[in-house]
Structure formats: structure tokens, C-alpha cells
Amino acid sequence: MRAPPPDSATVPQTQSGLRWLYVDFNSYFASVEQQLRPELRGKPIIVTPLASDATCAIAASYEAKAFGIKTGTPVYEAKKMCPGLICVSGNHETYVAFHHRLIDEIERHIPVTDVCSIDEMACRLMDNETDPVFLRDLAARIKKGIAENIGALGRQALGLSLLKPVARAAGHHCDVRYLT
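Counting along the sequence shown from 1, when you hit position 161 you're at 1183 in the numbering used here, and nothing is skipped either side.
Dropping the structure here:
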């Protein structure tokens, strides 16, 4: 059993200096929709709060992002940017249910210390969990567990650092196939 994480001000420096694993599920709402509806996989989709051209995208799939569409893009503009765009009304209860399943899966491997948003979690690394070889294996096990037990939810970025904000930034700026 792990001891509770110490206050960050009193954490001794470890050899690797790594203290946080940050997990971010990119294009989360769109990825959940593509997981649930196989006919949407590989296609440009956006998730909207309601079915209207007067609203904006609250999430865009990687395929839609390739056309320059991002969160906040008005639907009428997104449709001009990508004529084959598919608009999906959001289902927040489903996204919350997937969120809980994701936390449960991550906690099979390492406790989640902080839930930062519906698609971002931070895990405090204990002294025996900071070896880079161990961490690459941990990241691989987390990704494999998600794929096998929940589904291929797009791409997960995992970042590591001494400080949580830096781990978050590392995860956001890495090639999502790798651990940074």
C-alpha cells in the first residue's frame, strides 16, 4: 500500500527529479463519440452543445483539426473549412461516465492524486516510482489498459516532471505516441 503523498514543499529530491505523471486525453469528447460510434472513426467530426450552426465546436476530432478546426470554431465556419464535417450534439452524461472509467483504469496502475478536468488527471510519483524505465513501462501499461478495457480513445499524452504544471505542459507538447 502506498503512503499518502507528502506535501510538495517537503518532497525530497530523487535521483531522476520526476515527481508527477500527468495524463491528458486529447480531443476527449470527439474521441468518446468515435469510440461509441464506429461509423465516425477516421472522419472529421466536431461535438457541439446543440444542433445549430449558430453555436461553436466544444471538441474537434484529429481529422477535423487537420482542417484547422479547433475548440471554439463557430459551426458555420467549420462547415466551410471542411465540407464533409460531421456535427454531433454532446452527451455530457456519457463523457462523465467515460471519465470515471478512465480514472478507475489509471488507478489500477497508479493512484490519481488530482482530477484536473474531465479529461486530465495528475498522479503523484513516490520515490520508488521515479525511475525512467519504470515510468515508460507504467505509461505503456496505462495506455494498454485503456485500449483493452475502455477502447481506443484517440491519443493520450502523458508528461513527467518535478512540477505538475511542467508535467502538464510536457504532455501537451509531446508526440502523443511517446512519453515525455
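In this text, a Cβ means the ideal position worked out from N, Cα and C, and glycines have one as well.
Opposing strand residues paired with residue i [DSSP bridges]
i, result
"M1143", "V1045, V1137"
"A1169", "Note: A1169 sits in no beta bridge, so no partner."
"A1082", "I1068"
Rounded straight-line distance, which links the Cα of residue j to that of residue i
i, j, result
"Y1117", "Q1057", "11 Å"
"N1150", "R1158", "14 Å"
"C1104", "L1147", "42 Å"
"A1073", "A1082", "15 Å"
"V1033", "Y1044", "Only weak support is given to the placement of V1033: the predicted model assigns it a pLDDT of 35, under 50, and the question is left unresolved by the model."
"F1089", "E1142", "25 Å"
"L1062", "C1145", "32 Å"
"D1075", "I1091", "14 Å"
"N1113", "A1052", "11 Å"
"I1080", "K1102", "17 Å"
"P1133", "S1049", "24 Å"
"D1046", "C1109", "23 Å"
"G1106", "E1115", "27 Å"
Cβ neighbours of residue i in the same chain (closer than 6 Å, five flanking residues each side left out)
i, result
"G1094", "C1078"
"F1120", "V1054"
"A1174", "none"
Per-residue burial, residue i [other beta carbons within 10 Å of its own, 16 or more giving buried]
i, result
"Y1098", "exposed"
"K1087", "buried"
"S1096", "One detail in the question is off: residue 1096 reads as Pro in this sequence, not Ser. So P1096 counts as exposed."
"E1129", "exposed"
"S1111", "exposed"
"D1136", "exposed"
"R1199", "Interpretation of R1199 is limited by its pLDDT of 43, a score under 50 that renders its predicted location unreliable; no figure is taken from the coordinates."
"R1041", "buried"
"E1085", "buried"
"P1066", "buried"
"A1100", "buried"
Cβ-heavy atom distance, residue i to the ligand MG, below 7 Å
i, result
"V1054", "Here there are no bound small molecules, and the ligand MG is not part of this structure."
Beta-carbon proximity list for residue i, same chain, < 8 Å, skipping 5 on both sides
i, result
"E1170", "none"
Sequence ranges, alpha helix (DSSP H) only - wholly within the region 1085-1167, length at least 4: Counting only runs of 4 or more, we get 1097-1103, 1114-1129.
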